[in-house]
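Here the protein sequences line up with chains S and A, keeping their order. Take 1 as the starting number for the first sequence in this note's numbering and just add one per residue. Take 1001 as the starting number for the second sequence in this note's numbering and just add one per residue. Take a look at the structure below.
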Amino acid sequence: MSEIAGTYFDGRTSVARPVQVRHENAALHVHGNGIERSDPLASVAPSARLAGVPYTLRYTDGAWLQLPPDAPIAEWFPRRHRLETWVDRLERHAGVAAASVLVVALALVALFGWGVPAAADYAGAHLPASVDRAIGQQSLVLLQGHFLAPSTLPSQRQAELQKRFHQFLQRIGGPDDLQLRFYDSTAFGANAFALGGGIIVVTDAMVRALPDDDAFLAVVAHEIGHQRNRHMLRLVLRGSGVVVVGSLLIGDVSASSVIASVPAFLLNARYSREFEQQADDFALAALARTGISPAAFVRAMQALERAHPELRDDAGIRYLSSHPVTRERIARAQAATRAFERLHSNVPHR
Amino acid sequence: MGMARNGGDMHEEALATGAEPAAPQAHVLPTTWPEQPFEFRGSAGEYFRIWIVNLALSIVTLGIYSAWASVRTRRYFYANTWFAGSPFEYSARPLPILRGRLIAALMFACYVLASRTSPKLQLLTAALIAIVMPWLIVRGLAFRARYSAWRGLPFRFEPDTLGAYKWYLGIYLFFLPTLGLIYPYIKARQQEWTVTHHRYGNAEFGFKADVTDYYLVWFVTIGVAIAWFAAVFLVAIGIIGSFNAHFGRTGLQEHTVVFLLVMYAVYLPAYLGIYAYNRSRMLNLLYNNAELAGGHRLRSTLGYWAMLGIYLSNTLAILCTLGMAVPWAKVRMVRYRTSHVVLQPAGDLDAFVAETTAQTDVSAVGAEMDSLFSIDIGL
């Protein structure tokens, strides 16, 4: 039997002793530099195989034997570390590494494109509505302190819009517990948004920018779409899911948080765009259902674009943006308008 | 601090504690002991395969395998770090790590969720974390030390929970009254506490800190920060100005997303520029002040510009390769750090002996928690 050169550590001192190691009759024989021991293989615990890493064999008395990475440990201990022996074979295979790149890419797409959102939505569906309300109230308090001032719209106009909003809500079948609130905001300009728990905020500038009440309802219908599908809560949950799952994955690849923030940002933008599109679809259907031409949505989008020239489409930012490209939103609304007009061909064109 | 984990932290602890022995043939007693370098022998190519295969397995098993992946990764980095003719050894088992990881993930999920739903909850969870953090730090250090070894002798961390509460929580009560001026002092004491509670075999680590060194580092850090922000500000102004000149009325500020990207591109070098300074200097202080029983001293000579160059090129490479350069980046950082630490022995490195009582197992929860929450223990 051939001998292998190894290093012996007695576990009591830091002396490294070069030794010769031999495997014979299910026992491990070590000799050299004052060491002479033979132990049954069953009493020795070897480390798993790992490229470029010496083996460590541990005796029950705390002594260690270090053997070079090419020692035939797998032959001596065929039953130990089966999982890691298999993984080690994979790690040494160039084709497997290439396939792993593909697996990782596909798995990441599946995980963040489908897995995390599905899990977050599932969790969201099992959370009580009080959670949405708490989130909405908190954000409103925060916004009121800094960005939202009391509305300067005439109270008569406000009452009018409230009435139209509630009528509309009734006709599309609720939910009844939504609140529409007007605020004056220089920070947001012409804008409307939904906060968790049924609060819909429309800024004064938005009301003034819109050409007619149907366009106003189109904007509000979009926000109702967010409320109905609990988009705010789901976005919070999905964003948290990305951070948690991402941290678990990165935990071991040790990328910096600066780098990790880029994909997190892009993913959140993607989830947000998905919800915006859902809300648009809901709004277009709701308008058509109540006999309002989806052309109102087109007018609202155009008004919004006039109020915010800086948001004019820039194809380069598609994947960075939280909203779908305006041109596409308008195109979808126009398609919905054509469908609506085919159905109501007796209704004169506007 | 995120970047704290860029440099292969697993092996940093080994280095922090890793002061030891000499060549085996040191039987002819010399009067002076030659300096002993640390050496990293791993390669980016080898590690890439290990990394990508283990990452794939971790993902397809929905994270269950990640405990095995983490053990293989740490073993690779430890065992490729050689000192005085022998490699370091990482000997933790995957199953306890899996258990710790599951508990840590659950708590981390609660924290992330709470911090995103309401400011009040966020404050509450932050307070809760501050309260358990010292305990986590102790458990994390104890776990890592327990399963790190060199030449058959394990390291150990003396679990001083009271001290951890003193230096990682209590002392911060003085932060506001001193207008933050106490901060460098806190950092010095934290390093001292961490180092002096480590053992290699039965040899204790000592720490001789001159607090003025820490004040110097932090004041210069502030200076470096001012310089970087001034430079970045000028560059940003220049970019915005030329953009506005090009596109007329709708300036760059109006193109929110492009504006954000430009800010990110100028902020990143500044952030890394400040971070690299502070990190290299604090690590140098940590190693240079440490001493192992018998007078063995470490000497660390990490350079600011070299570290910054590695951080910057690593970040760029990782971004450009969509993450595929992570193994290369990590190996580079570890190799640089390892090659800039040496031990100045004061005696025979064969002379360390084990403690008389055997060590018991240490739970992995603390170690997993502090890596998830990115608690920077500064090793």
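Backbone N, C-alpha and C fix where the C-beta goes; we use that ideal spot for every residue, glycine too.
List the endpoints of the continuous beta strand (DSSP E) containing residue i.
| i | result |
| --- | --- |
| S:Asp184 | 179-184 |
| A:Tyr1200 | 1198-1200 |
| S:Glu24 | 17-24 |
| A:Thr1061 | Element bounds for A:Thr1061: n/a, residue is neither H nor E. |
| A:Ala1203 | 1203-1207 |
Are the C-beta atoms of residue i and some chain A residue less than 7 Å apart?
| i | result |
| --- | --- |
| S:Thr152 | no |
| S:Glu36 | no |
| S:Leu195 | no |
| S:Leu248 | yes |
| S:Trp64 | yes |
| S:Gln156 | no |
| S:Val101 | yes |
| S:Ile4 | no |
Are the beta-carbon atoms of residue i and residue j separated by less than 7 Å?
| i | j | result |
| --- | --- | --- |
| S:Leu233 | S:Gly136 | no |
| S:Ser100 | A:Ala1056 | yes |
| S:Ala209 | S:Ala303 | yes |
| S:Ala269 | S:Ser322 | yes |
| S:Gly198 | S:Asp177 | yes |
| A:Leu1349 | A:Ala1084 | yes |
| S:Ala48 | S:Glu84 | yes |
| S:Ser151 | S:Tyr122 | no |
| S:Ser240 | A:Leu1113 | yes |
| A:Tyr1214 | A:Lys1187 | yes |
| A:Phe1048 | A:Pro1327 | yes |
| S:Gly124 | S:Leu237 | yes |
Is DSSP giving residue i helix, strand or coil here?
| i | result |
| --- | --- |
| A:Ala1346 | coil |
| S:Tyr8 | strand |
| S:Ile35 | strand |
| S:Tyr59 | coil |
| A:Arg1299 | strand |
| S:Glu328 | helix |
| S:Gln103 | The identity of residue 103 of chain S in the sequence shown is Val, whereas the question assumes Gln. Of the three classes helix, strand and coil, the one that applies to S:Val103 here is helix, per DSSP. |
| S:Leu153 | coil |
| A:Trp1068 | helix |
| A:Phe1038 | strand |
| S:Glu160 | helix |
| S:Val44 | coil |
| S:Val53 | coil |
| S:His344 | coil |
If we cut at 7 Å on Cβ distances, does residue i have a partner in chain S?
| i | result |
| --- | --- |
| A:Ala1325 | no |
| A:Thr1161 | no |
| A:Glu1089 | yes |
| A:Ser1242 | no |
| A:Gly1063 | yes |
| A:Ser1280 | no |
| A:Phe1108 | yes |
| A:Ala1225 | no |
| A:Ala1105 | yes |
| A:Ser1313 | no |
| A:Ala1127 | no |
Taking the alpha helix (DSSP H) that residue i falls in, what are its first and last residues?
| i | result |
| --- | --- |
| A:Pro1119 | 1119-1146 |
| A:Pro1327 | 1326-1339 |
| S:Arg228 | 213-228 |
| A:Ser1086 | Counting along the chain, A:Ser1086 falls outside any alpha helix (DSSP H), though it belongs to the beta strand (DSSP E) covering 1086-1090. |
| S:Phe188 | Unbroken run through S:Phe188: none, as it is neither H nor E. |
| A:Ala1293 | Run containing A:Ala1293: none; DSSP gives neither H nor E here. |
| S:Arg299 | 295-307 |
Cβ closer than 7 Å: which chain S residues qualify as neighbours of residue i?
| i | result |
| --- | --- |
| A:Trp1218 | The contacting residues do not exist; A:Trp1218 stays about 22 Å from chain S at best. |
| A:Glu1046 | Ala51, Gly52 |
| A:Phe1352 | Thr13, Ser14 |
| A:Trp987 | The question about residue 987 of chain A has no answer, for chain A in this structure spans 1001 to 1379. |
| A:Arg1116 | Val236, Gly239, Ser240 |
Which residues in chain C sit within 8 Å of residue i, going by Cβ to Cβ distance?
| i | result |
| --- | --- |
| S:Val104 | Among the chains of the structure shown, chain C does not appear; the protein chains present are S and A. |
At 7 Å on the CB atoms, spell out the chain A contacts of residue i, in chain order.
| i | result |
| --- | --- |
| S:Leu50 | Arg1072, Arg1075, Tyr1076 |
| S:Glu91 | Arg1049, Ile1050, Val1053 |
List, in chain order, every chain S residue whose beta-carbon is nearer than 8 Å to that of residue i.
| i | result |
| --- | --- |
| A:Asn1080 | Gly52, Val53 |
| A:Val1112 | Ser240, Val243, Val244 |
| A:Pro1119 | Gln138, Leu142 |
Under 8 Å Cβ-Cβ, which residues of chain A neighbour residue i?
| i | result |
| --- | --- |
| S:Asp10 | Gly1152 |
In chain A, what lies closer than 9 Å to residue i by C-beta?
| i | result |
| --- | --- |
| S:Val262 | Tyr1264, Leu1319 |
| S:Ile292 | Result: empty, since nearest Cβ-Cβ is about 31 Å, beyond 9 Å. |
For residue i, verify whether its CB is less than 6 Å away from any heavy atom of the ligand GTP.
| i | result |
| --- | --- |
| A:Leu1319 | Within the structure as shown, the ligand GTP is missing, as the structure has no ligands at all. |
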